[in-house]
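Presented below is the structure to which this report refers.
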Amino acid sequence: MDHERYMRRAIEIAHGNPDAPFGCVIADRENGEILAEGLNDDQRNPILHGEIATILDLADSQVDVEAQRLVLYTTAEPCPMCSGAILWSGIPSVVLGTAIATLKRLGLPQIELSCEEVASLASFGGFEVVRGVLEAECDALFEELARRTVG
4 MDHERYMRRA
14 IEIAHGNPDA
24 PFGCVIADRE
34 NGEILAEGLN
44 DDQRNPILHG
54 EIATILDLAD
64 SQVDVEAQRL
74 VLYTTAEPCP
84 MCSGAILWSG
94 IPSVVLGTAI
104 ATLKRLGLPQ
114 IELSCEEVAS
124 LASFGGFEVV
134 RGVLEAECDA
144 LFEELARRTV
154 G
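For the working numbering, count along the sequence shown from 1 and bump the result up by 3.
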């Protein structure tokens, strides 16, 4: 799959909320179709992170696709809550831009537990992770957020 293509779309979506630029898409690895999109909307609901919004969008669409065909793209590393939702959804692949360590370094609130650590603790499987896709572009979203909001 062309990881950069899908990450560019996640970045476009992230621009919709400069106060929480966590954009996300889910694509079908077999036909390349984007099946769901989401954006952090924690002002409406504190657990509506980008990944959760995207998983809900996929569920609401009632598209009939095997979970093993899905790839989730996100501008930043999924938090432990979102990693759990990805696991429970059966999504086998996660592609991310910005790492939790970068978000923490920027002074943005984080739970310092990698998505790989969460996945490795599941008794029913895990997911593969591809890190650093369009990392500089994703980092720029969060650097701008930190400039506006952190000390």
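Ideal Cβ placement from N, Cα and C applies to all residues, glycine included.
Treat the numbers as computed from the prediction; the structure is a model and nothing was measured.
I'd like to check one pair, residue j with residue i: are the Cβ atoms closer than 8 Å?
| i | j | result |
| --- | --- | --- |
| F25 | T78 | yes |
| M4 | G41 | no |
| I94 | A70 | yes |
| C118 | S86 | yes |
Between which residues of its own chain and residue i is the CB-CB distance below 6 Å, once the five residues before and five after are set aside?
| i | result |
| --- | --- |
| V133 | V98 |
| T152 | none |
| Q65 | none |
How many whole angstroms separate the CB atoms of residue i and residue j, which I take to be in contact at a CB cut-off of 8 Å?
| i | j | result |
| --- | --- | --- |
| E140 | I14 | 6 Å |
| L38 | D44 | Between D44 and L38 the Cβ distance is about 19 Å, and since that is not below 8 Å, they are no contact. |
| E131 | R72 | Not really, about 14 Å apart at Cβ, beyond 8 Å. |
| D142 | T105 | 6 Å |
Among the options, whose alpha-carbon lies nearest the alpha-carbon of residue i?
| i | options | result |
| --- | --- | --- |
| R11 | T152, L144, Q113, R151 | L144 |
| N20 | I29, H6, H52 | H52 |
| A122 | A149, A88, D60 | A88 |
| P49 | I94, L61, W91, A23 | A23 |
| G6 | T57, A125, R151, G135 | Inspection of the sequence shows that residue 6 is occupied by His rather than by Gly. It is G135. |
| P81 | D63, I58, S64 | I58 |
| G3 | W91, Q113, V153 | The question about residue 3 has no answer, for the chain in this structure spans 4 to 154. |
| E120 | P83, Q113, V153, T152 | P83 |
Ordered along the chain, which non-local residues of its own chain (more than five positions away) have a Cβ less than 7 Å from that of residue i?
| i | result |
| --- | --- |
| E115 | I103, K107 |
Which residues in the same chain as residue i place their Cβ atom closer than 8 Å to its Cβ, once the five residues preceding and following it in sequence are excluded?
| i | result |
| --- | --- |
| Y9 | V28, A30, I37, V74, Y76, V98 |
| A149 | L109, G110, L111 |
| E146 | L109 |
| Q113 | C82, I103, L106, K107 |
Measuring only the C-alpha atoms, how far is residue i from residue j?
| i | j | result |
| --- | --- | --- |
| T101 | A17 | 12 Å |
| L61 | Q46 | 21 Å |
| L124 | D63 | 28 Å |
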